[in-house]
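A short write-up of the structure that comes next.
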Amino acid sequence: MTATLLTNIGELTTNAGAPGDPCGTIRDAAVLIEDGVVAWAGPVVEASRAGGDIEVVDVGGRAVIPGFVDSHTHLVFGGDRADEFEARMAGTPYAAGGIRRTVDATRAAGDDELRARLAAFVAELHAQGTTTFEVKTGYGLTVDDEARLVRIAAEVTDEVTFLGAHVVPAEYADDRAGYVDLVCGPMLDAVAAHARWIDVFCERGAFTPAESERILTAGIDRGLQPRVHGNQLGHGEGVRLAVEFGAASVDHCTYLSEDDVAALAASSTVATLLPGVEFSTRQPYPDARRLLDAGVTVALASDCNPGSSFTSSMPLMIALAVREMGMTPAEAVWAATAGGARALHRDDVGHLGPGARADLVVLDAPTRVHLAYRPGVPLVDAVYRDGALMGS
Ligand code: NIG
Ligand code: FE
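Residue numbers (the UniProt record's numbering): 1 to 392.
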């Protein structure tokens with residue numbers, strides 16, 4: 001058995017907490033890791049029970065949090081859209097139509113090119129403290145291209161989402177129904193074995209509520225679990241649909257009616273907020289405070305993609321959520337860890353209670369508050385995944 005004791009932790013966020021402190025904060029703490037799993041977490045003074053052959057790591061009073069769980073990324077793609085970003089900063093508004101440019105670049109890219117790109121993103125995620133992440137397809141949009149994207153994504157994560165319903169590709173512009181048939185039939189057949197989730201971009205300019213319902217139903221019939229992109233660019237039916245389908249999560253949630261908020265609050269569907277999008281598109285930020293006050297479970301994710309949010313930084317999401325969306329630092333850290341885990345229906349990650357996967361981040365800071373307090377500063381000192389120090 002391999003055992004490691006992380007000790008002299010100034011502030012430990014376990015997320016195994018009670019309502020007054022959902023972060024389950026322990027000061028002057030230690031964590032015992034056995035065989036890649038958290039065996040015990042508690043005050044240093046109680047850590048003497050950890051006897052035997054143990055590697056002791058003194059973290060020097062630093063804060064430790066669970067590894068980030070990024071429940072929403074689009075990391076398999078070719079090309080980039082820096083020119084589009086530049087034009088947007090000069091006043092051109094964001095439009096989902098840009099997705100088709102990335103579709104062209106992705107179709108033109110070879111498997112090895114996509115794989116190498118993805119590997120670089122994965123290294124980037126790990127270096128920033130993300131230890132669990134989801135990856136969507138959605139830039140292939142032919143049967144063969146979606147099949148290869150799903151296979152490449154499955155090489156790096158168990159959390160693969162089929163997003164054939166990202167936009168209607170140019171070659172089907174005059175035959176939307178034909179494209180929906182393709183997604184619900186041959187495309188699903190080709191991807192179902194490699195994906196866990198089915199997603200649909202339910203938005204004006206992408207898929208209508210009726211089309212979205214058909215697509216989610218077909219995915220569920222093939223054993224996939226639903227999640228939805230909704231209410232990003234304007235008010236719409238995405239949230240209603242997600243709740244009706246019992247989706248794990250509805251993502252974006254920028255434009256919400258009172259009914260949307262009430263429906264989310266009465267459901268088990270997580271509202272995943274993606275502030276990198278609003279930061280990069282100059283749209284208004286979603287109102288996290290309103291959702292939290294209504295009792296909705298909120299997650300934060302990066303939505304890393306070349307169009308609307310080309311950043312994989314969960315610390316940046318936390319800083320934006322605190323600065324722009326009314327979240328407390330504790331709420332934002334919880335949302336970026338335990339919230340992401342809820343949005344992926346995972347109970348083995350996102351917390352550091354006994355039995356959790358020993359995925360954790362040592363911050364080069366005394367408290368988690370510093371993630372928002374020191375925006376843009378690389379505060380990830382060390383990352384452990386399955387109990388092993390990464391990069392060593
Ligand atoms: O989540 N909303 C749809 N899809 C992505 C944007 C993709 C792109 O612009 O390439 C998103 O923001
Ligand atoms: Fe997205």
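From the three backbone atoms N, C-alpha and C, an ideal C-beta is built for every residue, glycine too.
Since this is a predicted model, take the numbers as computed values, not measurements.
With a cut-off of 8 Å on the beta carbons, I'd call E84 and G234 a contact; round off their distance for me.
-> The Cβ separation is near 20 Å, so there is no contact.
So what's A63 in DSSP terms, helix, strand or just coil?
-> Strand, per DSSP.
Cβ pair L363, R62 closer than 8 Å = Yes, the Cβ-Cβ distance between L363 and R62 is below 8 Å.
Rounded to whole angstroms, how far is the Cβ of D251 from the Cβ of T272, which I believe are closer than 8 Å?
-> Right, the Cβ-Cβ distance comes to about 4 Å (below 8 Å), so this counts as a contact.
DSSP on F279, reduced to helix/strand/coil?
-> helix
Go to E324, then tell me how far its alpha helix (DSSP H) extends in each direction, as first and last residue.
-> 314-324
Close beta carbons around S309, own chain, < 6 Å, minus the five adjacent residues each side | G276, V277, S280, D303
Count the other CB atoms within 10 Å of the CB of P19; is the residue buried (16 or more) or exposed (fewer)?
-> exposed
Taking G36 as the reference, give the member of G67, V150, V45, T4 with the closest Cα.
-> T4
Would the C-beta of G350 count as close to ligand 1, meaning under 7 Å from any of its heavy atoms?
-> no
Enumerate in chain order the residues of its own chain whose CB-to-CB distance from R115 is below 6 Å, with the five nearest sequence positions on each side excluded.
-> I152
Taking 7 Å as the line, does the beta carbon of V126 fall inside it for any heavy atom of ligand 1?
-> In the sequence as displayed, the identity of residue 126 is His instead of Val. No, the Cβ of H126 stays beyond 7 Å of every heavy atom of ligand 1.
From the DSSP output, read off the bridge partner residues of W197.
-> Bridge partners of W197: T161, Q225.
What are the boundary residues of the alpha helix (DSSP H) that D104 is part of?
-> Start and end: 99-108.
Compute the Euclidean distance between the alpha carbons of G164 and G140, then round it to the nearest angstrom.
-> 8 Å
As assigned by DSSP and simplified to three states, the class of V45 = helix
Could you check if A210 is buried or exposed, using at least 16 other CB atoms within 10 Å of its CB as the buried criterion?
-> Exposure of A210 is indicated by the presence of fewer than 16 other C-beta atoms within 10 angstroms of its C-beta.
Going straight from the alpha carbon of S313 to that of M327, what length do you get?
-> 17 Å
Work out the CA separation of E171 and V369 for me, nearest whole Å.
-> 49 Å
Beta strand (DSSP E) containing I33: first to last residue?
-> Annotation for I33: the continuous beta strand (DSSP E) segment containing it runs 25-34.
Within its chain, find whatever has a CB closer than 8 Å to the CB of E124; leave out the 5 residues flanking it on each side and keep chain order.
-> Answer for E124: S312, listed in chain order.
Sequence ranges, beta strand (DSSP E) only - wholly within the stretch 247-299, length at least 3 | 249-252, 270-273
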